[in-house]
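Structure, as C-alpha cells:
Number of protein chains: 2
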Amino acid sequence: MPRSDPSRPVTTHDVARRAGVSQATVSLVLSGNPRARVAAATRERVMEVAEELGYRPNILARGLVRGRSYAIGVVVPDLTNPFFLDVVTGAQRVAAEAGYAVLPGDTRETTPARHLDALRARQVDGVIIDGVGAATLPHDSLSDLKVVVVDEPSERWPGIASDALAAGRLAAEHLLGLGHRHLAFIGPATDVHGFRMRERGFFQALRAAGLALSSPRLRRVAPSVAGGLQAMRALLALPAAERPTAVFCATDLLAAGALKACLTAGVAVPGRMSIVGCDDVELARVLTPELTTIRIPARELGARAARLLIKQIDDDAWVPRPGKPLPVKLVARGTTGAVGGE
Amino acid sequence: MPRSDPSRPVTTHDVARRAGVSQATVSLVLSGNPRARVAAATRERVMEVAEELGYRPNILARGLVRGRSYAIGVVVPDLTNPFFLDVVTGAQRVAAEAGYAVLPGDTRETTPARHLDALRARQVDGVIIDGVGAATLPHDSLSDLKVVVVDEPSERWPGIASDALAAGRLAAEHLLGLGHRHLAFIGPATDVHGFRMRERGFFQALRAAGLALSSPRLRRVAPSVAGGLQAMRALLALPAAERPTAVFCATDLLAAGALKACLTAGVAVPGRMSIVGCDDVELARVLTPELTTIRIPARELGARAARLLIKQIDDDAWVPRPGKPLPVKLVARGTTGAVGGE
DNA sequence: TTGTAAGCGTTATCAC
DNA sequence: GTGATAACGCTTACAA
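Protein sequences, first through last, are from chains A and B.
Here my numbering is used: the first residue of the first sequence is 1, the next is one more, and so on.
Here my numbering is used: the first residue of the second sequence is 343, the next is one more, and so on.
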C-alpha cells in the first residue's frame, strides 16, 4: 500500500520495478560508481525511467550507508559581521560544487561547544572554525570530526590563514608614510588570534620606526560599530598633547564606529583624523568618505578552508601541508590623508 | 570487528549491549516517545549508560525512518543584504529550538528552481521563501514540500508578511509632514512583491495629499548601494525645477547609496535633501547622519515563518489561518528634516 | 515491561 | 552484467 502512495518521493525501487531490473542495478547505474559495469542498453533504460519518474536520490539514505552526511558546519563568532559572512559564502560556493551542504552558525547565542554538539548530532562530516579560539575548543567533542581552522594556529588541525601580521604592518606603514607620528589602535577585546596578529603587526612596524604608543591610545572594545564609536570618543576626549592624528582599527566594523564618532563630533576625516580599517567588507565603500582599509580575502579564505576540509573528508589518508598565509593589501581610499592636511 | 572500532560513534546498539537490554528498549527510552512504558529502573540504567558512553542520536537515521530530515531551507535573493540575513537569523533561532537545521541560500549565483532542487535532494522538510517571487516558482518542483512565503501573496502557500503598504505610507506622511512637496522614489527594478507594496503605499499617500510624481523622479535600479548611488546622481542632475527635496528609498541599501551620492556631491542631508529608507538594518545607524527609515521586523518575520513552517511539518492536518501583517514603524533619525531647512 | 523484527532508501559485496 | 542480500542507525508495530 505505501508503495502506491502517489505523493511519496520516487525511490530506486520504483525505478527498478518500472524498468524491469533489480533495485541494485538501478543503484549501480545511478550512483555514478565508476566500477559499475552495466550493459549499455540497461543503463539507458534505467536512466530513461529515472528521468521519466523524476527520481531524485535521497542523500540522507546514501549518507547513512556511506557513513557520511555530505554536510559541513561553519562556526564563526558573528554572522552579522559581513567579514564572517563572506567566509561562509566562500565556503558555501566550494561546498555546493562538491555536493556538500553548509550549516552556518555563530556563537552569539550559544557556546562553541554546544554548537559543535548540535552539528555532530547532524552527523556533519567536518567543520570550519573561524575566529572562535581553537584553544578554547573542547578537544574530545571534536573527535571523529574533521576540522579546519581559519586564522588560528593549531598543531591539532590544518588551517588556512590570511597574513594578519602583514595587515597590521601595512596599516602602520601607510600611516607612517603619510607623516603621522601620533597613532592609536582600536581592537576587539577578544582573544581571537587573527585580530591579535593584526595588532602585533601594527606594533612591530611602529617599533621598527622607533615609535611607541602610550596606553590610553590602545583601546580594546567590543568588536562592533558601537565599540569603535566608544573607543574613538575616548580618544577624542584625550588632552590635545595625547590625542592621535591617525588610528588603525582591527576590523572595518570598528573603523566604521570610529569614523562615525569623528563625523558626529565635527572632527574632519581625514583632515584631523586618519582612519584605517581592516577586512575591506562591502560597508567600507558605503561610508563617506570611503574607508581606507586592508583587504583580507574573506571569501577566498572560506573557499580554501572548504576545499581543505572536503579533501580531508574524501581522502582519509590525505595529509595537508601548511600553506602560506593569503596575501593582504592596502586599499587606500578616503579616510586617510597626510598629517595636518585638510 | 567494526563494533569495536573505538572511533566509531556510539549507537543505540552499543548502549543496549552495555546496559544489558535490547536495542529497541534503548530507543524507546532515548527517543523521548511519550507512549513508551519502560520500567523506571531500566530507563535509569539506559540513560546512565548512554551518558557514560557519550551516546548521541544520529539525526539522519532517525530522519530516514520517520521520513523527515529535520532540516528546512531558506531561500532569499541576496544574503549579503542584511535585511534578508536577519530573516534567516530569526528563522534559525526558532528552528534550532525545535531541533531543525537551517540551510540558507540565495539566488545570486543560481536560479530559485535550481536551488530548490538542491534542497529537495537533501530531503528538507520545507522551505521559507522570501523575496523571490512566488509566482515565478516552479509549482511541480515544490510538491511534497511544505512552503511558507514571506512578504508574498499566495493562495497556494501560507505566508507571513510585514505591512509594506503602511511602510510606504509612513514614509510619505513623514516627508509630507516636514513640508516636502517635491518628492522622489527609488526602488529596485525587480518584481518582488513586498517592494512593490512599499512603492504603492508611498504613492497612495501622495495621491491622498493631491500630489503626483513626474516620471524622472521615479527611479528603478539594482537593489543595492550602487543602485541607490546611481539613482540619486540622476536625481541631482535634474534641472532645478524638477529636482526633489526628499526621496523615499524602498530599501536601506538603496538609501545608503543615495546618501552617499548626496554627501559626495556636497548636497547637505537633510539640509537640501531628505532621505527615508526602509528596513532599518544595522547599517542605518552606522551611517552619518543616521538614516531615517521604516522599521520592518525582519527577525520576527523569519521567526514566525519558521514557526508556521515547522507547525505544518509536525502536524500535517494543521491549516494555517492568514494572520495580520506585522506592523512597521517610522524611525526618525538624521537624514530627514523640514524642507529648506539647514 | 521488554524483546523481536520489519523497514526507511541507499550502497556495496557477493554469487549467479 | 545482473540480482540477491546484508548492512547503515534508528523507530515502531507486534509478540512474548
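Even glycine gets a Cβ: it sits at the ideal position worked out from N, Cα and C.
All values derive from a computational prediction rather than experimental measurement.
- Within chain A, Val286 have C-beta atoms less than 7 Å from the C-beta of Val567 (chain B), given in sequence order.
- The region 128-136 of chain A and the region 408-422 of chain B do not touch, with fewer than three beta-carbon pairs separated by less than 8 Å.
- In this structure, the beta-carbon distance from Phe544 (chain B) to Gly501 (chain B) does not fall below 9 Å.
- Here Thr107 (chain A) has Val75, Pro77, His115, Val132 as same chain residues with Cβ atoms under 7 Å from its own Cβ, once five neighbours each way along the sequence are excluded.
- With a beta-carbon spacing of about 6 Å, Ser162 (chain A) and Asp151 (chain A) fall inside the 8 Å limit used to define contacts.
- Inside the region 220-299 of chain A, DSSP marks whole beta strand (DSSP E) runs of 3 or more residues at positions 246-249, 274-279, 292-295, from first to last along the chain.
- In the same chain as Ala640 (chain B), and ignoring 5 residues on each side of it, the C-beta atoms closer than 6 Å to its own belong to Phe425, Asp428, Val429, in chain order.
- Counting the other CB atoms within 10 Å of its CB gives Pro289 (chain A) a total of 16 or more, which places it among the buried residues.
- Rounded to the nearest whole angstrom, the CA to CA distance from Ile636 (chain B) to Thr354 (chain B) is 53 Å.
- When DSSP states are grouped into helix, strand and coil, Ala526 (chain B) belongs to the strand group.
- Val221 (chain A) is a Cβ neighbour of Leu254 (chain A), given a cutoff of 9 Å.
- Secondary-structure assignment with DSSP links Asp472 (chain B) through a beta bridge to B:Val492.
- One alpha carbon belongs to Asp130 (chain A), the other to Val388 (chain B), and they sit about 37 Å apart.
- When the Cα atoms are used, Cys262 (chain A) and Pro351 (chain B) turn out to be separated by approximately 55 Å.
- In terms of Cα proximity to Glu497 (chain B), the closest of B:Gly682, B:Val681, B:Pro662 is B:Pro662.
- Just so you know, the alpha carbons of Ile655 (chain B) and Gly665 (chain B) end up roughly 19 Å apart.
- For Lys488 (chain B), no chain A residue has a C-beta closer than 9 Å to its own C-beta; the minimum C-beta separation is roughly 12 Å.
- Of all residues in the region 109-135 of chain A, the ones placed with a Cβ closer than 8 Å to any Cβ belonging to chain B are Glu109, Asp117, Ala118, Arg120, Ala121, Arg122, Gln123, in chain order.
- Note that the region 219-239 of chain A touches the region 178-189 of chain A; at least 3 beta-carbon pairs, one per stretch, sit closer than 8 Å.
- Counting only runs that start and end inside the region 45-77 of chain A, the beta strand (DSSP E) elements of at least 3 residues fall at 71-76.
- Beta-bridge pairing by DSSP links Gly447 (chain B) to B:Val417.
- Assignment of Val331 (chain A) by DSSP, reduced to helix, strand and coil, places it in the strand class.
- Boundaries cannot be given for Ser373 (chain B), as no alpha helix (DSSP H) includes it and DSSP labels it neither H nor E.
- Going by C-alpha positions, Pro454 (chain B) is about 32 Å away from Asp315 (chain A).
- For Thr80 (chain A), the chain B residues whose C-beta falls within less than 9 Å of its own C-beta are Pro424, Leu427, Asp428, Thr431, Glu624, listed in chain order.
- Your pair Val609 (chain B) and Leu578 (chain B) checks out as a contact, with CB atoms roughly 6 Å apart and the cut at 8 Å.
- In this structure, DSSP gives Gly432 (chain B) a helical state, which the three-state scheme calls helix.
- Cβ atoms of Ala50 (chain A) and Leu30 (chain A) come within 8 Å of each other, at about 6 Å.
- Judged by DSSP secondary structure, Thr354 (chain B) falls within the alpha helix (DSSP H) whose first and last residues are 354-361.
- Listed as beta-bridge partners of Ile160 (chain A) by DSSP are A:Val150.
- Check the Cα spacing between Asp125 (chain A) and each of A:Leu283, A:Lys311, A:Val331, A:Lys329: the tightest is with A:Lys311.
- Taking 9 Å as the threshold, the shortest C-beta distance from Gly374 (chain B) to chain A does not fall below it.
- Under the three-state reduction of DSSP output, Leu142 (chain A) falls in the helix class.
- If you ignore the 5 residues before and after Leu370 (chain B), its C-beta comes within less than 6 Å of the C-beta of Ala378, Val380, all in its own chain and listed in chain order.
- In this structure, Leu672 (chain B) keeps its C-beta atom at 9 Å or more from the C-beta atom of Leu633 (chain B).
- Chain-order list of chain A residues neighbouring Thr635 (chain B): empty, with the shortest C-beta distance near 15 Å, by a criterion of under 9 Å.
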